[in-house]
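Enquirer: Quick note on numbering: the sequence shown equals residues 4 to 206 in the working numbering.
For every residue, glycine included, the Cβ atom is placed at its ideal position computed from N, Cα and C.
All of these numbers come straight from a predicted model, not from anything done at the bench.
I have a structure I would like to understand better, so I am pasting it below and will then ask my questions one at a time.
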Amino acid sequence: MKKPDLAALATAALLCALPAHAIELADLSDEVRPDDRARLELFDETAGRALMGALAAGDGGDVGVLVAGLAGEPLPPSGAASMLEGDWSCRVLKLGGGLPLVAYQPFRCRVGADGRFEKLTGSQRMLGRIGLVDGEVTYLGTAFVAGATPPDYADLPPEIDPTATPQFMPEIGRVEVVDGGMARIILPMPHLESDLNIVLLGR
Numbered sequence: 004m005k006k007p008d009l010a011a012l013a014t015a016a017l018l019c020a021l022p023a024h025a026i027e028l029a030d031l032s033d034e035v036r037p038d039d040r041a042r043l044e045l046f047d048e049t050a051g052r053a054l055m056g057a058l059a060a061g062d063g064g065d066v067g068v069l070v071a072g073l074a075g076e077p078l079p080p081s082g083a084a085s086m087l088e089g090d091w092s093c094r095v096l097k098l099g100g101g102l103p104l105v106a107y108q109p110f111r112c113r114v115g116a117d118g119r120f121e122k123l124t125g126s127q128r129m130l131g132r133i134g135l136v137d138g139e140v141t142y143l144g145t146a147f148v149a150g151a152t153p154p155d156y157a158d159l160p161p162e163i164d165p166t167a168t169p170q171f172m173p174e175i176g177r178v179e180v181v182d183g184g185m186a187r188i189i190l191p192m193p194h195l196e197s198d199l200n201i202v203l204l205g206r
């Protein structure tokens, strides 16, 4: 009797777990706050500085997580849209702002068919939308503490006070999907704690 091809079975199982259709990538370009657009324009400079610091002085295990999470060429928007929907394991990395690199344990995240993104567990949460900003796959959302009811990104006040209670912070980041089992959201210049946040997504 022929032995089953375990690699083929694993591939089939992964394909079955992937979304059957592409999510709707709405054009969010007109919704971006001016200060968030400025942060996005400084993406390369911010990311380069934070990554250099993390690689130079980060803990070895955390650096390994960072390097593995940044591997792989991102898909174009059409390919990303076909891979995003569903449940993900998500791991938050914080770079700069006092410590060169901190890698947190995995949490649960979800992407809906309409591009809605949610970080479902942990004390620090995220809620927003994945769409297109100037043709690039981008996340716009609100950072908040578990237990609070966050406003939509569009409903955040013009001026943000990081010391306010509860804390509702606007977030913007590039979304890079490598394949059906790996993606990342890279958020430059968050309002609190760090210089760069990276959310590593895995199935």
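Give the single residue among M172, G89, A74 and G184 whose Cα lies nearest to the Cα of M192.
Expert: Out of M172, G89, A74 and G184, M172 has the C-alpha closest to the C-alpha of M192.
Enquirer: Please go through the stretch 47-125 and give each complete beta strand (DSSP E) segment of 3 or more residues, from N-terminal end onward.
Expert: List check, beta strand (DSSP E) in window: 89-99, 102-106, 110-114 and 119-122.
Enquirer: Can you have a look at D39 and say buried or exposed, based on whether 16 or more other CB atoms are within 10 angstroms of its CB?
Expert: Buried, by the Cβ-count rule.
Enquirer: Quick one: what's E139 bridged to in DSSP?
Expert: Beta-bridge pairing links E139 to V136.
Enquirer: Rank G118, S126, L123 and M129 by C-alpha distance to the C-alpha of L135 and give the top, closest one.
Expert: It is G118.
Enquirer: Which of the three DSSP states, helix, strand or coil, is assigned to P37?
Expert: Of the three classes helix, strand and coil, the one that applies to P37 here is helix, per DSSP.
Enquirer: Below 8 Å CB to CB, which residues in the same chain sit around P66 once its five sequence neighbours on both sides are set aside?
Expert: Note that residue 66 is Val in the sequence shown here, rather than Pro. Closer than 8 Å at the Cβ level, and outside the excluded window around V66, lie A57, L58 and L104.
Enquirer: Give the DSSP bridge partners of E174, in chain order.
Expert: The partner list for E174 (beta bridge, DSSP) reads G144.
Enquirer: Would a C-beta distance cut-off of 9 Å place V140 and E179 closer than the cut-off?
Expert: For V140 and E179, yes; Cβs fall inside 9 Å.
Enquirer: Work out the CA separation of P165 and L195 for me, nearest whole Å.
Expert: In a straight line, the C-alpha of L195 is about 7 Å away from that of P165.
Enquirer: Out of R132, V68 and F110, which one is the CA nearest neighbour of S32?
Expert: Of the listed residues, the one whose Cα sits closest to S32 is R132.
Enquirer: Could you give the first and the last residue of the continuous beta strand (DSSP E) run that contains G205?
Expert: Unbroken beta strand (DSSP E) run through G205: L199 to G205.
Enquirer: Pull up the DSSP beta-bridge partners for P160, would you.
Expert: According to DSSP, P160 bridges with nothing at all.
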